[in-house]
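Student: Counting from 1, one number per residue, gives the positions in the first sequence under my numbering.
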Amino acid sequence: MAQDREGPPAKRFKAAPPGTQPQSAAPPAHVQRRSLPISGARGPLLARLRRLDTAILIGETGSGKTTQLPQYLYEAGIGHPGVIAVTQPRRVAAVTLAARVAEEKRTELGKLVGYTVRFDDCSCAETRLRFLTDGMLLREAIGDPLLHKYSVAILDEAHERTIHTDVLFGVVKAAQKKRKERGLRPLKVIVMSATMDVDMFSQYFNGAPVIYLEGRQHPIDIFYTKERQSDYLQAALVSIFQIHQEAPACQDILVFLTGQEEIEAMTKTCRDVAQHLPEGCPRMTVLPLYASLPHSQQLRAFKPTPEGGRKVILSTNIAETSITIAGIKFVVDTGMVKAKKYSPETGLEVLAVQQVSKAQAWQRTGRAGRQESGICYRLYTEEDFEKFEEMTTPEIQRCNLASVVLQLLALKIPNVLTFDFMSKPSPDAIQAAIDQLDLLGAVTQKEGQLVLTPLGKKMAAFPLDPKFSKAILLSPQFHCAEEILTIVSLLSVDSVLHNPPAQRDEVQAARKKFISSEGDHLTLLNVYRAYKNVNGHKGWCRENFINGRNMKLMAEVRAQLRDICVKLSMPLESCRGDTAGVRRCLAHSLFMNAAELRPDGSYGTVGSQQLVAIHPSSVLFQCKPACVVYTGLLRTSRCYMRDLCPVDAEWLLEAAPEYFRRRLRSAKS
DNA sequence: GAGCACTGC
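#1: Mark Ser24 as exposed unless 16 or more other C-beta atoms lie within 10 angstroms of its C-beta, in which case mark it buried.
#2: Where Gly335 and Glu573 are concerned, what is the direct C-alpha to C-alpha distance, given to the nearest angstrom?
#3: In this structure, does DSSP put Val167 in helix, strand or coil?
#4: Restricting to runs no shorter than 3 residues, where is the beta strand (DSSP E) found entirely within the region 168-249?
#5: First and last residue of the alpha helix (DSSP H) that includes Ile263?
#6: When the Cα atoms are used, what is the spatial distance from Lys458 to Lys329?
#7: In chain order, which beta strand (DSSP E) runs of at least 3 residues are fully inside the region 426-472?
#8: Is the beta carbon of Ile675 less than 8 Å from the beta carbon of Arg51?
#9: Go ahead and label Asn499 buried or exposed: buried means 16 or more other beta carbons lie within 10 angstroms of its beta carbon, across all protein chains shown.
#10: Alpha carbon to alpha carbon, what distance is there between Gln610 and Ala618?
#11: Relative to the alpha-carbon of Gly327, which residue among Leu408, Asn317, Thr346 and Pro306 has its alpha-carbon at the smallest distance?
#12: Answer with buried or exposed for Pro466, where buried requires no fewer than 16 other C-beta atoms within 10 angstroms of its C-beta.
#13: In the DSSP output, which residue or residues are listed as bridge partners for Pro288?
#14: Can you have a look at Cys122 and say buried or exposed, based on whether 16 or more other CB atoms are within 10 angstroms of its CB?
#15: Determine the direct distance from the alpha carbon of Thr316 to that of Asn415, and round the result to whole angstroms.
#16: Any idea what DSSP makes of Cys565, helix, strand or coil?
#17: So what's Val331 in DSSP terms, helix, strand or just coil?
#18: Check the C-beta distance from Leu187 over to Gln176 and give it rounded, since I have them as a contact under 8 Å.
#19: Where do the N-terminal and C-terminal ends of the alpha helix (DSSP H) with Asp384 fall, by residue?
#20: Just to confirm before moving on: does the CB-CB distance between Cys627 and Ala594 stay below 8 Å?
#21: Compare the C-alpha of Thr523 against each of Val582, Arg549 and Arg216 and name the closest.
#22: Do you know offhand how far Gln508's Cα is from Glu395's?
#23: Following a CB-centred definition, is Val172 positioned closer than 7 Å to any heavy atom of the ligand ADP?
#24: Per DSSP, what kind of secondary structure is Asp420 in: helix, strand or coil?
#25: Identify, in the order they occur along the chain, each residue of the same chain with its Cβ nearer than 7 Å to the Cβ of Met554, setting aside the five sequence neighbours on each side.
#26: Residues in its own chain within less than 8 Å of Val350 by CB, not counting five upstream and five downstream?
#27: Whole-angstrom Cβ separation of Tyr150 and Gly82, contact assumed at under 8 Å?
#28: With respect to the alpha helix (DSSP H) encompassing Met136, which residues constitute its N-terminal and C-terminal limits?
#29: So the beta strand (DSSP E) Arg661 belongs to, where does it begin and stop?
#30: Rounding to the nearest angstrom, what Cα-Cα distance links Pro427 and Thr269 in this structure?
#31: Just verifying my parser: in three-state terms, what is the DSSP assignment at Asp578?
#32: Could you name the residues of the same chain whose beta carbon sits closer than 7 Å to that of Gln245, not counting the 5 residues immediately before and after it, in chain order?
#33: Quick check on the burial criterion: 16 or more other C-beta atoms within 10 angstroms. Buried or exposed for Pro288?
#34: State the start and end residues of the unbroken alpha helix (DSSP H) segment that holds Ile484.
#35: Which runs of the alpha helix (DSSP H) at least 4 residues long sit entirely within the region 522-572? Give them in chain order.
#36: Give the range of the beta strand (DSSP E) segment to which Leu348 is assigned.
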């Protein structure tokens with residue numbers, strides 16, 4: 001048995017998972033408003049908030065805080081005549097919340113109530129309640145650090161600690177202070193969160209009071225295993241079938257696993273086992289769920305359970321916050337997650353399976369009690385659970401900070417090393433980011449202070465990693481702006497190349513015609529040109545194993561980047577066949593990611609002489625160019641360079657003479 | 001000769 005069901009008494013608790021997910025929780029509209037838990041507290045809540053500059057609002061799932069509070073504030077005239085901003089970590093949430101609130105106010109979406117997300121602005125001068133993504137408000141702040149148009153900033157889902165929310169904390173705190181000092185209209189800041197991190201939020205915002213809101217979450221029973229499980233997959237399998245044979249039909253199971261491959265394998269195993277069950281067992285429908293799964297297949301997880309059957313959903317952490325499935329009675333938590341780590345010394349990103357935090361485990365557990373009471377099986381011992389980290393490390397402590405530092409400098413933060421972060425990244429990580437920006441020519445010292453150069457200011461206008469912004473800004477010098485725009489856009493979305501392992505030979509045959517001996521970037525450029533030639537025809541995409549969805553997204557990104565170029569009055573030319581210009585431009589912007597062939601046939605990075613290899617997915621896999629630049633490193637079984645472009649060592653010397661003089665092997669000889 | 005969790009501007 002994977003877990004102990006008769007042993008020590010189950011812990012019964014009232015789960016308070018974060019994250020109201022409006023897109024599928026969707027209670028009926030305005031008729032429901034008055035019966036939400038928050039409505040009983042309206043009067044006292046408004047009285048308190050009216051007096052406060054800053055408040056931390058803790059609300060359980062189902063409290064109605066996200067939809068109701070902005071309306072209450074507006075109806076009470078708090079913040080009038082400014083705009084009330086409500087930020088969300090995800091686009092869908094911003095859009096669906098705005099739609100719902102507009103419906104409750106019985107107004108047209110985009111007028112009084114609106115939303116603003118990337119590629120989609122549904123708001124106007126009349127808009128008073130504005131839902132936006134946290135990243136969008138941050139971008140606005142670059143143009144207007146004091147956020148003049150807003151009178152209230154509500155930062156929702158703050159416990160998720162996205163990199164954007166974390167930077168916004170500092171931005172709104174500073175804006176509030178400065179507006180006060182200058183006698184401007186005050187900025188009210190309301191931080192909304194689930195139960196974790198309460199003290200930290202309050203402390204950060206100068207001891208701001210914490211207001212608790214009742215929620216409406218059903219009780220969930222939690223079971224731990226008696227003994228530590230050596231194989232969480234085996235334990236999960238046993239648990240699934242144990243539940244399946246004991247629980248009534250129509251009670252669905254959600255299982256948290258770590259990744260696509262694991263989920264696909266487990267899906268197959270479960271389906272096989274399910275075929276050999278004794279008679280009288282409910283029919284089992286096993287459904288995988290992960291982000292890269294085609295949308296149509298994701299939707300299957302939402303279909304109601306067939307009469308007399310049972311749905312078993314095998315999911316990544318996408319089901320923790322982004323996707324909510326109704327009717328889950330059982331959650332099986334393996335306690336594992338695949339997550340990214342970053343080490344500033346090597347610039348290496350590592351994607352590794354690791355233990356979840358306590359907060360994450362509670363989040364998973366909460367997915368069981370959304371419509372009625374639920375049960376959660378934790379495939380680890382209670383003792384081990386106690387040893388889990390309290391919180392997941394905030395994203396800002398796990399990332400390359402080059403973009404963040406560039407944004408902070410664009411916000412005219414006087415000293416990025418002492419910026420008021422709620423959770424400070426390591427000084428090494430900040431310094432590494434400054435060094436990168438320095439090499440790109442984005443920053444300079446002025447009167448002992450780090451400031452942006454004119455180039456740096458332009459770079460900050462692009463929603464991109466600084467090295468890509470630099471590529472775009474340099475491209476006119478090489479007469480290839482159109483091509484670089486395409487390449488950078490392709491690199492900033494998920495891969496447009498679809499690689500189903502089962503059809504490997506067909507994929508290779510179809511891809512042949514796009515391959516350029518000048519590397520992966522130019523191969524991608526060929527794909528885009530061919531795609532444009534057939535006007536993005538769907539059948540063509542299918543035949544050529546091109547991901548049409550990502551291609552469309554890429555086109556949107558490209559249009560946005562092109563707009564920014566036009567606003568910066570950049571001359572946009574195409575080099576047509578002269579692809580050397582494109583490679584030179586890439587050499588001048590990716591020079592920090594350069595590697596040289598060594599006499600023994602291996603590759604070493606020019607920066608730190610680290611041993612690296614060409615990723616087998618690269619078109620240059622079988623080739624041995626003397627000198628390459630790459631988009632990034634990926635650490636798996638070895639350290640791989642991804643997206644390669646062969647370059648001349650002289651180009652690198654041209655790009656950053658000081659940096660390369662001592663480093664480049666070919667320059668020494 | 002490999003394989004990538006999830007967001008967002």
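Every residue gets a Cβ at the ideal spot worked out from N, C-alpha and C, and that includes glycine. Given the structure is predicted, the values throughout are model-derived calculations rather than measurements.
Tutor: Well, looking at it:
#1: Walking along the first sequence from the start, residue 24 turns up at place 24. Confidence at Ser24 is low in this model, with a pLDDT of 34, below 50, so its placement is unreliable and no value can be given for it.
#2: By one-based count along the first sequence, residue 335 stands at place 335. By one-based count along the first sequence, residue 573 stands at place 573. Within the model, the alpha-carbon separation for Gly335 versus Glu573 is close to 52 Å.
#3: Counting from one through the first sequence, the residue named residue 167 turns up at place 167. Helix, per DSSP.
#4: Runs of the beta strand (DSSP E) inside the region 168-249: 188-193, 210-213 and 220-224.
#5: In the first sequence, counting from the first residue as 1, residue 263 sits at position 263. Segment Gln260 to Ala274, the alpha helix (DSSP H) holding Ile263.
#6: As a first step, residue 458 must be located in the first sequence, where it is residue number 458. As a first step, residue 329 must be located in the first sequence, where it is residue number 329. So the two alpha carbons sit approximately 52 Å from each other.
#7: 443-446 and 449-452, all fully within the region 426-472.
#8: This structure gives no information on residue 675, because the portion of the chain shown stretches from 1 to 669.
#9: One-based indexing of the first sequence puts residue 499 at position 499. It is exposed - the Cβ of Asn499 has fewer than 16 other Cβ atoms within 10 Å.
#10: As a first step, residue 618 must be located in the first sequence, where it is residue number 618. As a first step, residue 610 must be located in the first sequence, where it is residue number 610. First, the amino acid is wrong: residue 618 is Ser here, not Ala. Whole-angstrom Cα-Cα distance: 19 Å.
#11: Against the first sequence, residue 327 aligns to sequence position 327. Of the candidates Leu408, Asn317, Thr346 and Pro306, the residue whose Cα lies closest to the Cα of Gly327 is Pro306.
#12: In the first sequence, the residue the question calls residue 466 occupies position 466. Pro466 sits buried, since 16 or more C-beta atoms from the chains shown fall within 10 Å of its C-beta.
#13: The count along the first sequence starts at 1 and reaches residue 288 at position 288. Answer by DSSP bridge pairing, in chain order: Leu314.
#14: Along the first sequence, read from residue 1 onward, the residue named residue 122 stands at position 122. With 16 or more neighbouring CB atoms inside 10 Å of its own CB, Cys122 falls in the buried class.
#15: As a working mapping, residue 415 is identified with position 415 in the first sequence. As a working mapping, residue 316 is identified with position 316 in the first sequence. CA-to-CA, the gap between Asn415 and Thr316 works out to about 39 Å.
#16: Sequence index remark: in the first sequence, residue 565 carries index 565 (1-based). For Cys565, the secondary structure class from DSSP, reduced to helix, strand or coil, is helix.
#17: Within the first sequence, numbered from 1, the residue matching residue 331 stands at position 331. It is a strand residue.
#18: In the first sequence, counting from the first residue as 1, residue 187 sits at position 187. In the first sequence, counting from the first residue as 1, residue 176 sits at position 176. Rounded to whole angstroms, the Cβ separation of Leu187 and Gln176 is 5 Å, and the two are in contact under 8 Å.
#19: Mapped onto the first sequence, residue 384 falls at position 384. Per DSSP, Asp384 belongs to the alpha helix (DSSP H) from Glu382 to Lys387.
#20: By 1-based counting over the first sequence, the position of residue 627 is 627. By 1-based counting over the first sequence, the position of residue 594 is 594. In contact: Cys627 and Ala594 (Cβ atoms closer than 8 Å).
#21: To locate residue 523, count along the first sequence from 1; it is residue 523. The closest CA to that of Thr523, considering only Val582, Arg549 and Arg216, is found on Val582.
#22: Locating residue 508 in the first sequence gives position 508, counting from the first residue. Locating residue 395 in the first sequence gives position 395, counting from the first residue. Answer to the nearest angstrom: the Cα atoms are 37 Å apart.
#23: Of the ligands one can find in the structure shown there are none, so the ligand ADP has no counterpart to examine.
#24: Position 420 of the first sequence, counted from the first residue, corresponds to residue 420. Asp420 falls in the coil class under three-state DSSP.
#25: As a position in the first sequence, residue 554 is number 554, starting the count at 1. Counting only Cβ-Cβ distances below 7 Å, and skipping sequence neighbours, we find Ser489, Leu490, Val493 and Val496.
#26: As a first step, residue 350 is located in the first sequence; it is residue number 350 there, counting from the start. So the qualifying residues of the chain are Lys340, Lys341, Tyr342, Ser343 and Arg635.
#27: Counted from its first residue, the first sequence places residue 150 at position 150. Counted from its first residue, the first sequence places residue 82 at position 82. Right, their Cβ atoms sit about 6 Å apart.
#28: As a position in the first sequence, residue 136 is number 136, starting the count at 1. Start and end: Asp134 to Gly143.
#29: Position 661 of the first sequence holds residue 661. Unbroken run through Arg661 is the alpha helix (DSSP H), Pro657 to Arg661; no beta strand (DSSP E).
#30: Walking along the first sequence from the start, residue 427 turns up at place 427. Walking along the first sequence from the start, residue 269 turns up at place 269. Rounded to the nearest whole angstrom, the CA to CA distance from Pro427 to Thr269 is 47 Å.
#31: What you label residue 578 is simply residue 578 of the first sequence in a count that begins at 1. If DSSP states are grouped into helix, strand and coil, Asp578 belongs with coil.
#32: Along the first sequence, read from residue 1 onward, the residue named residue 245 stands at position 245. Once the five neighbours on either side are set aside, the close Cβ partners of Gln245 are Cys281.
#33: The residue given as residue 288 occupies position 288 in the first sequence. By the neighbour-count rule (16 or more Cβ atoms within 10 Å), Pro288 is buried.
#34: Locating residue 484 in the first sequence gives position 484, counting from the first residue. According to the DSSP assignment, Ile484 belongs to the alpha helix (DSSP H) that extends over Ala481 to Leu491.
#35: Whole alpha helix (DSSP H) segments, 4+ residues: 538-543 and 548-567.
#36: If you number the first sequence from 1, residue 348 lands on position 348. Segment Leu348 to Gln355, the beta strand (DSSP E) holding Leu348.
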